[in-house]
DNA sequence: ACGTGCTCCTGTGTGC
DNA sequence: TGCACACAGGAGCACG
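Numbering (our numbering), first residue to last: 82 to 344.
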């Protein structure tokens with residue numbers, strides 16, 4: 082589930098629920114979820130400290146403490162939730178941070194594609210993963226320059242977190258639809274105007290989704306996400322939606338609104 | 001550089 | 001109802 086909007090909602094939730102409380106325990110239930118850190122190191126880095134800030138870069142989360150940052154990536158099924166001391170742990174709890182007073186912050190993840198780690202600086206993790214600039218912060222000009230370097234299908238380029246960090250499968254489809262760009266169009270063959278439009282649309286779509294707390298039923302009727310299934314009706318009424326695979330990912334688009342380029 | 005396909009893992013939905 | 005199978009919104013990797 083987690084795409085950038087979900088991650089941003091989690092970040093805000095963490096700001097309310099996880100900051101300023103003294104950490105008095107860390108339990109790693111499944112160490113395979115750890116990335117670049119041992120259980121010992123995680124415990125030593127966190128216990129006795131407080132989270133002081135919650136940050137996000139693309140879909141990557143950071144919880145700041147004195148001396149570094151707890152990192153969390155939610156993968157496809159990950160979540161971070163705060164529970165009361167008496168509450169039972171969720172079934173798929175992988176890492177549990179206990180606060181003074183009994184409240185606990187739980188990283189849960191059914192499929193274990195997510196990851197928890199610890200870094201001294203956010204920039205070291207961004208460099209390690211070679212993440213591009215955050216999609217909501219990058220300048221439009223830089224977005225255009227970074228995207229048009231690639232010759233691959235535009236959708237693959239949008240999903241490449243090294244180009245720009247934060248665009249997931251659903252929002253790539255939405256932005257392409259709203260921009261009238263075919264998902265298989267070569268990125269380098271798009272005009273600057275088309276890429277600028279993609280940049281503006283992907284941002285608008287992500288922000289709108291954050292606003293409605295990712296409840297797609299509350300999105301405007303013009304959004305593809307409201308009927309993103311094969312055979313669904315194009316919001317502009319032009320055609321029924323088609324499903325293809327691009328880079329192995331399910332891709333829904335409107336064959337009339339998003340014509341392949343003739344070149 | 002590019003596309004393809006596999007991998008990590010488990011739950012859910014579909015069709016027989 | 002049971003069962004097999006396809007599929008899932010992420011991301012890294014090997015291969016040709």
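Glycine included, every Cβ here is placed at the ideal spot set by N, Cα and C. No experiment lies behind these values; they were computed from the predicted model shown.
Per DSSP, residue 97 is one residue of the alpha helix (DSSP H) stretching across 85-98. When the five nearest sequence neighbours on each side are left out, the beta carbons in the same chain lying within less than 6 Å of the beta carbon of residue 116 are those of 196, 198, in order along the chain.
Counting along the chain, the unbroken alpha helix (DSSP H) around residue 291 starts and ends at 273-292. Taking the Cβ atoms as the reference, residue 256 lies roughly 14 Å from residue 219, outside the contact range of under 8 Å. Listed in chain order, the non-local C-beta contacts of residue 87 below 6 Å within the same chain comprise 295, local neighbours out to five positions each way being set aside. DSSP assignment within the segment 170-254 yields the following whole beta strand (DSSP E) runs of 3 residues or more, N-terminal first: 174-180, 185-190, 196-200. When DSSP states are grouped into helix, strand and coil, residue 256 belongs to the helix group.
Within its own chain, the residues whose Cβ lies closer than 7 Å to the Cβ of residue 227, once the five positions on either side in sequence are excluded, are 213, 244, 245, listed in chain order. Judged by pairs of C-beta atoms under 8 Å, the segment 199-210 does not touch the segment 174-186, as fewer than three such pairs exist. Counting along the chain, the unbroken beta strand (DSSP E) around residue 324 starts and ends at 323-327.
Straight through space, the alpha carbons of residue 210 and residue 108 are spaced by roughly 26 Å.
At the C-beta level, residue 208 and residue 110 stay beyond 8 Å of one another.
In chain order, 324 place their CB closer than 6 Å to the CB of residue 311, counting only its own chain and leaving out the 5 sequence neighbours on each side. With a cut-off of 8 Å on Cβ pairs, the segment 301-321 is in contact with the segment 253-268, counting three or more such pairs. Shown here, residue 122 sits in a helix according to DSSP, grouped into three states.
Here the C-alpha atom of residue 313 lies approximately 28 Å from the C-alpha atom of residue 216.
Taking the Cα positions, residue 338 is about 8 Å away from residue 262. For residue 115, the three-state secondary structure derived from DSSP is strand.
The C-alpha of residue 204 lies about 24 Å from the C-alpha of residue 283.
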